[in-house]
Amino acid sequence: MSAGGGKKAILAALTANAGIAVAKFIGAAITGSASMLAEGVHSVADTGNQGLLLLGQKRAQQEADELHPFGYGRNRYFYSFVVALVLFTLGAMFSIYEGIHKIQHPEELTSPIVAVAILVIAIGLETYSFITAMRESAPLRAGTSWWRFIRNSRNPELPVVLLEDTGALVGLVLALAAVVLTMLTGDPVWDGIGTLGIGILLGTIAIVLIVEMKSLLIGEGATPDQDDKIRAGLVDGTRIDRVIHLRTQYLGPDELLVAAKVSIVPGLEITDIAAAIDEAEARVRAEIPIARVMYIEPDLYRTQRA
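Taking UniProt numbering, I'd label the letters of the sequence shown as residues 1 to 306.
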């Protein structure tokens, strides 16, 4: 995914969440529903998060300079990590606090049918956002499961949007169930229970995102499939006969650093060695276009030295 990749999913989520947030706050003010209020705060957090993801993409496009010779690609990881923190602090903590408060001090709902109508509309909008994110991620998932894509992807935005939209949909269902149960039983404690459930859900999603984004932020290497292709591309069988060791690291979602020590067949002239390395770089980049930064060190395998 390019720097602009996933932007359609982010914009769809931002537009949906901004509209939903306004509707939820209006509904919360009319009905007094804590679960509606929690969902409103959740949507505000999500809207801000989409803005942070867009800001991260913009900052990542800065040209490399003396201070950051490998560029600013990891800005996308940093801002995605901030998104996870916002989701945890603003979304989860507020909802848990409000849920506990409403369980201890339940309040009657007024005009709950308004809350039901708003929540049903919100579910429709969030479903549109989620479907958009799934379509955008389909080429990258390449047959892998949804969960494996989130765990293994080196691109931060789509996993963030997918998890946020999933949390939003489940949260809306919880809020709807809480309001309906309150209407049916006449017991407003269900509203507090729904709010607490939303908080726990958001906290779980935020922790998953924090773990994944932290791993990307401190640096992850190539995927196993990419590693195999890099090793195969480095060896030509005539001048370079094996890879002695290989180190890779993502400098950003669209840029991979490759550092390798390769075994050169003894007796080659310096011009042949240089040509072999240039051709090895070309082969690797043909298979892995994002391997933009490469350092290949020629050496002799230990048995050859002996």
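From the three backbone atoms N, C-alpha and C, an ideal C-beta is built for every residue, glycine too. As the structure is a prediction and not an experimental result, all values here were calculated from the model.
Assuming I288 and Q226 make a contact with CB atoms under 8 Å, what is their CB distance in whole Å?
About 6 Å; that satisfies the 8 Å criterion.
Residues in its own chain within less than 7 Å of A18 by CB, not counting five upstream and five downstream?
Excluding positions up to five away in sequence, the list reads T47.
Give me, in chain order, the residues of the same chain whose beta-carbon lies closer than 6 Å to that of G5; leave out the 5 immediate sequence neighbours on both sides.
Reliability fails at G5, whose pLDDT of 49 lies under 50, so the model's placement of it is uncertain and no value is given.
Helix, strand or coil: how does DSSP classify Q249 here?
Q249: strand per DSSP, three-state reduction.
Relative to the C-alpha of T89, which candidate in G73, G237 and H42 has its C-alpha closest?
Selected option, being the one with the closest Cα: H42.
Where does S263 sit, in a helix, a strand or coil, going by DSSP?
DSSP places S263 in strand when its eight states are reduced to three.
Going along the chain, which residues of its own chain have a beta-carbon closer than 8 Å to the beta-carbon of T31, five neighbours each way excluded?
Hits under 8 Å: L109, T110, S111, P112, V114, A115 and V179.
DSSP three-state call for R74: helix, strand or coil?
It is coil, neither helix nor strand.
Which residue marks the beginning of the beta strand (DSSP E) containing V179, and which one marks its end?
Element bounds for V179: not the beta strand (DSSP E) but the alpha helix (DSSP H), E157 to T185.
Among L256, A29, P266 and Y301, which residue has its Cα nearest to the Cα of F70?
Answer by Cα proximity: L256.
Nearest-angstrom Cα distance between F78 and M213?
Approximately 8 Å, taken between the alpha carbons.
Quick one: what does DSSP say V293 is sitting in, helix, strand or coil?
If DSSP states are grouped into helix, strand and coil, V293 belongs with the strands.
Do the region 114-134 and the region 202-221 touch if we need at least three Cβ pairs shorter than 8 Å?
Contact fails: fewer than three Cβ-Cβ distances are below 8 Å.
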